[in-house]
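Just so we're aligned, residue -18 is where the sequence shown starts under the working numbering, counting upward by one. Beta carbons: idealized from backbone N, C-alpha and C, even for Gly. Accompanying notes for the structure given below.
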Amino acid sequence: MSDPMRPRAALRTAVVWDVLQDALERRVKATGRQALDVLDTGGGSGNFAVPLARLGHRVTVVDPSPNALFALERRAAEEGVADRVHGVQGDARGLFDVAERGGYDVVLCHGVLEYVDDPAEGVRNTVAALRPGGVLSLLAAGLGGAVLARALAGHFTEARQALGDPNGRWGEGDPVPRRFTAEQLTGLVRGAGLEVGAVHGVRVFSDLVPGVLVDTEPGAMEALLKLEAAAAELAAFHSVATQLHVLGEAGEAGEAAGA
């Protein structure tokens, strides 16, 4: 993997990062601009924003947490990309109070839809931030991964509860307000006027494999990364992934809803 993230963090981000890099390279070729304008909604402390800025892109991070934005500012300064990373406090619902409508080549919506009141509205807002031909990177919690994790932990009643719950929650103590299937996420993307470019399962195995095995077995980390990449595109594994990643693509003529 070409991104210089730490190995353990790479297990959680490798698939998304590789798909995103490919999409960025295609947009660079299509636009003829080496530096793209990227909007990272819910971007927190910059796990994606800072690496994107290191590639030369201009990144605006919108996040409701002042502490996360402070950490973002410090991290960007440490990495020498403070001039290419701009953090503003806000959320998906009031996105255009702090971000430009139709002003971005790429929009990241990672870990946001689980927490908004209206996921469809959240997706429409992110799509409305795209320029014609732009790309949406959507990452959200997967229903099947939670069901499998609860079952493997011996919490069978909670697993069944998550399976039948409209929001995919296993109980009142569940910290995640909402989970999705691949069909639900692609439906939201298409409903907002984008074409679905790709769907990937994320963290299909890495959350289930004991950390001590990955850390101590020679070559285990690299082998697990390769396994995750091989399974990510297979629809059979989307139903058991901890997260789901959907890449949406806007038409060049501004076909995206709200654009």
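Per DSSP, which residues does residue i bridge with? Please list them.
i, result
"E230", "V116 and E176"
"A121", "L225"
"V183", "Q224"
"H136", "Looking at the DSSP assignment, H136 forms no beta bridge with any residue, so it has no partner."
"A108", "Going by the sequence as given, residue 108 is Val instead of Ala. The partner list for V108 (beta bridge, DSSP) is empty, contrary to what the question assumes."
How far does the beta strand (DSSP E) with residue i in it reach, from first residue to last?
i, result
"H67", "V66 to Q70"
"L189", "That residue, L189, is in no beta strand (DSSP E); it is neither H nor E in DSSP."
"D146", "Per DSSP, D146 belongs to no beta strand (DSSP E) and is neither H nor E."
For the alpha helix (DSSP H) that contains residue i, what are its first and last residues?
i, result
"R55", "P47 to E59"
"R131", "L124 to L133"
"R39", "That residue, R39, is in no alpha helix (DSSP H); its beta strand (DSSP E) goes R39 to D44."
"D98", "Taken as a continuous stretch (DSSP letters only), D98 belongs to no alpha helix (DSSP H), as it is neither H nor E."
"D196", "G192 to T197"
"L33", "A30 to R35"
Tell me whether residue i sits in a helix, a strand or coil according to DSSP, three-state version.
i, result
"A240", "For A240, the predicted structure reports a pLDDT of 37, less than 50, and the residue's modelled location is therefore unreliable. A value from the coordinates is still provided. In the structure shown, A240 sits in coil (DSSP, three-state: anything other than H, G, I, E or B)."
"T162", "coil"
"H219", "helix"
"D18", "strand"
"V79", "coil"
"V62", "coil"
"V157", "coil"
"L208", "helix"
Taking residue i and residue j to be in contact with their CB atoms under 8 angstroms, please state how far apart those CB atoms are, rounded to whole angstroms.
i, j, result
"V104", "R8", "Actually they do not touch by this definition, with Cβ atoms about 19 angstroms apart."
"A121", "G149", "A121 to G149, Cβ: 10 angstroms. No contact."
From residue i to residue j, what does the alpha carbon distance come to, in whole angstroms?
i, j, result
"G239", "G174", "For G239, the pLDDT reaches just 40, beneath the cut-off of 50, and the residue's location in the model is therefore unreliable, although a value from the coordinates is still provided. Taking the straight line joining both Cα atoms gives about 8 angstroms."
"L5", "T138", "43 angstroms"
"A210", "V79", "35 angstroms"
"A212", "G172", "27 angstroms"
"G145", "G125", "11 angstroms"
"R(-7)", "G13", "31 angstroms"
"G182", "L225", "5 angstroms"
"V55", "D21", "Note on residue identity: the sequence assigns Arg, not Val, to residue 55. Whole-angstrom Cα-Cα distance: 17 angstroms."
"D188", "T223", "8 angstroms"
"G232", "A110", "14 angstroms"
"F51", "L33", "18 angstroms"
"L89", "G168", "18 angstroms"
"G178", "V0", "10 angstroms"
"R160", "E95", "6 angstroms"
"A143", "V221", "13 angstroms"
"R82", "P191", "44 angstroms"
"G115", "G135", "44 angstroms"
"V185", "T162", "14 angstroms"
"E164", "P147", "14 angstroms"
"A101", "T107", "10 angstroms"
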